[in-house]
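Report on the structure given below.
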Amino acid sequence: MKAKTIQKNLSYVGAFDPERTLFDSVMPLTRGTSYNSYLLQGERKTALLELVKDDEKSFNQLITKIKSVLPKERMKIDYLILHHSEPDHVLVDYFEKFYKIFPDITIVGSPQVLVHFEEIHNRKDIPTIKITNNLVLHLGGYTLKFLVAPLLHWPDTAFSYCPELGALFCCDVFGVHYYCKDVFRDTIVDKNDLDALMQERKSYFDIIFGAFKENVRSFLKRVKELEKLKMICSSHGPVMRGSFVKEVLKIWTEWSQPTLREDKVILAYVSAHGFTKEMAKEVKNGIESVDKGRIKVVYLDLVDPESINKVISELTTAKGLIFGTPTIMSDAHPYVWKIVSSMNPLIHGNGQLLGGVFGSYGWSGEACSNITQRFIQLRLKVFKPLQIRFRASKQQKMLLRQWGFNFGKVIVGKSTINSQFEMGLKKNKLKFNKLIRVEQNFQKTNNNNNNSTINKNEKNTNKQTNNNSEEQTNQIENDGRLRLWKCLICGETVESVLPPDFVCGGCGASAEVFVCIGFAKSKDVYENLDEQEVISANYKGHIIVIGASAGGVSAVKKIREMNKKVKVTLISGENHMPYYRPHLTKVLEKYETVNDPRFQLLTEKWITENSLTFMKNAVVTGINRKKKTIQVRPRIKETSNDKYTLSSAKKLNLQYTKLILATGANQKLPREKTYLIPKMLSKKKKKTLVDNTLNEGTSSKKNVFGLRTLDDVDEINTYIKLNDCKSATILGCGPLGLETADSLRKSGIKRIYAIDSNKVIASSRLDSVGSQVVEKIVKKKGIRLFLGYQLIKILGDNSKVSKRTKKKKSKLNVDNVKQTTKDLAKGIAIQSIRLEEKELVFIESDIIIFALGVVSETSLAKKANLETKKGIVVNNKMQTSDPNIFACGDCIEYNFYNDRSWQHAIETGEVAARFALNRNHPSTYIRMVPPYSIIAFGIHIFSTGKISNEKLESVMLKSDNGMEYLRLFFEYEENEAIISGGIYIGNNINVIVDIKKFIISREPFKRTIKRLVNYYYQLRQNEKMKFSFDNESQNYENLLSGNSILNQSNVNNNSSTNLTTDTETDSQLILVDLFPNIKSLIISSKGIQAFKQFLEAEYSEENIEFWNEVEQFQLLKDGHENQQKIAMEIYEKYVAYESPKQINIDHFTRVKITEKIKQNKLSGSMFKKAQTEIENLLQRDSFPRFMVSEKAEKLVQEKKKLKEVLNEEELKQID
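Residue numbers in the sequence shown follow the numbering used here, run continuously in steps of one, and reach 1215 at the last position.
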């Protein structure tokens, strides 16, 4: 089999697969396919462009054809060019054979391709060249120029072009799955073959590139700019040359045009007993009543065989999709699933479609929940689902028409999706009790409806969050009702009537990070449960939880929250009540912390009230999966040495129905090779160098400790006191190491050494600047850092340093390096890992603490033959390989991730509890990258999200004294910069809260920066902070305009950069001087007028209108004849639910105002709390954006420093 010559020195060496009928398991093929590879021979270098499919047949074709072209004396390939890293282009298993034949290759690919190649083949020894838009390879007589083209159709795609041949090598673009024996498109002349080719080409485009039409159009522009384009060589299908180049460009141009969506809704239903069909008619009538039939309704009964194909074909031009489905066997109808399973998030998602679902149910009603969950996976905008038990009554049919009408209003842009429901979708945590679920006792009168709404609102566990504890305290009275308060940093939830006034037990953040997420459930009864909650509440059996830290305790609490009757046993290996492990270092600093009730995760009172069996000082030694039993042995303290051992006499077998493993993690110990004894220390036999062998977190040497449990802290504290320790060495500069160093410093230890093998602090979670800031802060607090050093030896008693060692010692002039041969009674030897130094340092220390991190505890799971890797392998229900055994917390591995954080343990513990009670529970686990959070040395060290320096762009705030640092990273979504990650080092907790909100809400970069502008102004006035940038040409003015960074960064955006002038910046500074806050702006007649116009442009003018009307209302004296009338107008216009201009205020505030209206208890201050909330909202949200808007600039254009804009009285008010 020989290669096919395309042009002189360019050969086709690809592989044919004419019998293939299915590609990538999803694309049916009628004419086979080809895997194209091209060999380009220059005078000096040879390049192979693309590889073939990874099987023996294709590999042999490739090698045979290459050998038929290359002469024996020059059987060498210099460059292997990979245009993207899809496995059908990179040879997975056969690459090693290829590399043995051609060992001199250099791989050329985009940065992502090179990373993926390394991960696929697990080797880093092959030379590489990164593709950029400016890269040119010179082969001798031929050159290859490169075009970076992400998301065509992979994010890592790049193309190459040989101008001497006019040949474009474009990977999958312009390709087709079609076997052409003669390689060239112009050899296909038969009409049937041409029809098949066009059909396959269209199918190829729709399936692979249909989701990337905008990127295709952008690339086509670049292709048409290429000079002398004569041929297109794609990765699949025939080579196109001559007139067929224009042909393929033309049809791809037509196919890639944007699809125009109509005011059209697809309403497809299937009905088992006619109930859902009746519902569908009412929904259809409601939609058609919008704007006198403006919306076209495609009304389909899915029982018709053609209707499913009709739905799929109409999806490309519709704005809305509604399914009507009954619940059948605890799920939606199979016809509905057939459609949603064929949909794709890239093609149908990203807000292109509004999805809704309704249906009739009899027992459980999972259909709507399941389809809504699928809508979320498809990234559709989701309308609140509606379910009715059995057959709709007359009143319920009215509700159905209203539901359809509201859906139609969203389609035509006259309404928006329910804000709370939409917020739940953004967080990917859909709460299914938000479904509209209508029973037959539907209220019939308006009065009853109003009352039921008020009562429902009182019971509703509202998820709306406030922005700081001070505001919440003002809004919430001590009414005795327990509320749930959630920490925004780590997710810890506590129960309290008023906002917590203590630090978070999970992460140590201050009290203002807690937000109210609703009322705690009643301890005695459950009200208004949906069917899935009823199943969970009625589960009977015995659930055993092994492990009593964050994961285990959160599982136990969630079980009791959902089910009061099931038997629950919690087993702990420690002799203490469950406690907050992150606060162990605080106990080092102040031992009295252990007596603080807030240090405990569970109290004896809670255990008694919730009928929990708690076994402490007990170790599970085995699991019998067949009999569903575990073997438990108690730990007994030996009087001789105060150590705990397992009792061999006592053992207990416990039967379980469901088992949850929350075994956590163990102390990470240094690797064996770090204990190599230096020859210079071991020559003389009389010298004793004792190896350090850790056992259960502590060392065989008395002064060496681990730090993982409260017992470890007790031992450390006892040793420090008995031996009057003055110095300490900490191995590890991670979160635990830094917090330990800070706590020991505060407890009175004079000299503290911190050692880490990494050359920078927290290199995986901080950037280089952030690491330097932390290092500077730590050193300033007196901690001696040794970064880039590895442990060589823990020295035993009476060990000496020889004279020969003295000559080889470190050049560092520090007090810990021994200058004589005096005895080292206690200490360690460390060696620099820097190749240029290899220095050996000895540190004398009274106590040594390991803080090297943790590894998942999997021994019990391995013994039970459960699947384990780095951790216990689980699915998104936290199920292990045994469906009756669940796992959570630090011990698990999910989707190849082995996360270990307090927040992760809490979340996975709750998921495990939900599915232990109900295997069909709808709320599965969605992984979020755990934040990196430390509180030490008087500052917060925080990072979250994506913070890669190479792939992302960013802006920085850094203090002149180097003690405070903020950096925001951003990436692009549809040509808009979105905040993707952030780093903050400082003591302002509100900045951390803001960063988390920005990332969760996928906040646009421009809006984020403008929200932070007030913070910047304040720091600038104090001369405390300054801006710095990745690019020196950027500046603050460009940042505010949002242009410089965004336009320079986006390769697809060729628009010119509009820079803000110095005059504009001066105007903004003048505005800040005159209007330092929202109150100073809205008491100015000109200021409020400009601000209102700005809000009208943002469609949020109701906030300032409400504030203004309340301000006027408060001028009325109590008892005024118009007081009641005006109060009702304000209430009905702004406060009442579903009011025309409903404002966004706290649920409790709204309920309180409603009660006053009902009871006619009117006063001038009745709206004061709501007004304050709106004022705070405007200050946080709209005011910063206004201050950098065109409306604000116009205020200073009339006269210098606004002298003519403001009258004297207003100036006095501002001053």
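Think of the CB as a built atom: it goes at the ideal place given N, C-alpha and C, for glycine as much as any other residue.
Asked	Found
Contact set for L147: own chain, Cβ-Cβ below 6 Å, skip 5 residues either direction	F159
Exposure label - I660; buried when at least 16 CB within 10 Å	buried
K1092 to E1173 span [Cα, whole Å]	18 Å
A861 versus D17 - alpha carbon distance	45 Å
Complete alpha helix (DSSP H) runs within the segment 694–736 (minimum length 4 residues, chain order)	710–723
Per-residue DSSP class, three states only, for F970	strand
Residue(s) in a DSSP beta bridge with M231	A167 and R241
Selection from G365, L302 and M615 that minimises the alpha carbon distance to R635	M615
Coil, strand or helix - Y753 by DSSP	strand
Burial state of W485, where buried means 16 or more other Cβ atoms lie within 10 Å	buried
F850 in three-state terms, based on DSSP	strand
Alpha-carbon spacing of E715 relative to I849, whole angstroms	11 Å
Pairwise C-alpha distance: V216 and S256	6 Å
Minimum Cβ-Cβ distance from I129 to chain D less than 7 Å	Among the protein chains of the structure shown there is no chain D, as only one such chain exists.
Inter-residue Cα distance where the pair is L731 and K590	22 Å
When K557, K213 and G359 are compared against E609, the one with the closest alpha-carbon	K557
I1145, DSSP secondary structure in three states	coil
Integer-rounded CB distance, given that V336 should sit under 8 Å from I1218	This structure cannot speak to residue 1218, because the chain is shown only from 1 to 1215.
Nearest to K997 (by Cα), restricted to the options G1119, R1180 and S954	R1180
As assigned by DSSP and simplified to three states, the class of T740	helix
Rounded C-alpha distance that separates T908 from I999	21 Å
Under the three-state DSSP convention, the category A977 falls into	strand
Three-state secondary structure assigned by DSSP to I1130	helix
V270 versus L346 - alpha carbon distance	27 Å
Selection from S923, K776 and P1140 that minimises the alpha carbon distance to S959	K776
Run of the alpha helix (DSSP H) containing Y99, from where it starts to where it stops	F95 to I101
Separation of F937 from K750, as counted between CA atoms	15 Å
Classification of R401 by the beta-carbon crowding that lies within 10 angstroms, buried from 16 upward	buried
For P634, the residue or residues it bridges with in DSSP	A618
Exposed unless 16 or more other CB atoms sit within 10 angstroms - verdict on H273	exposed
Residue range of the alpha helix (DSSP H) that includes G770	S768 to K780
At least 3 beta-carbon pairs within less than 8 Å: the segment 279–286 vs the segment 307–316	no
For Y361, three-class secondary structure by DSSP	strand
CB-CB length for E1109 against I1130, believed under 8 Å	6 Å
Inter-residue spacing [alpha-carbon to alpha-carbon] between K4 and E254	32 Å
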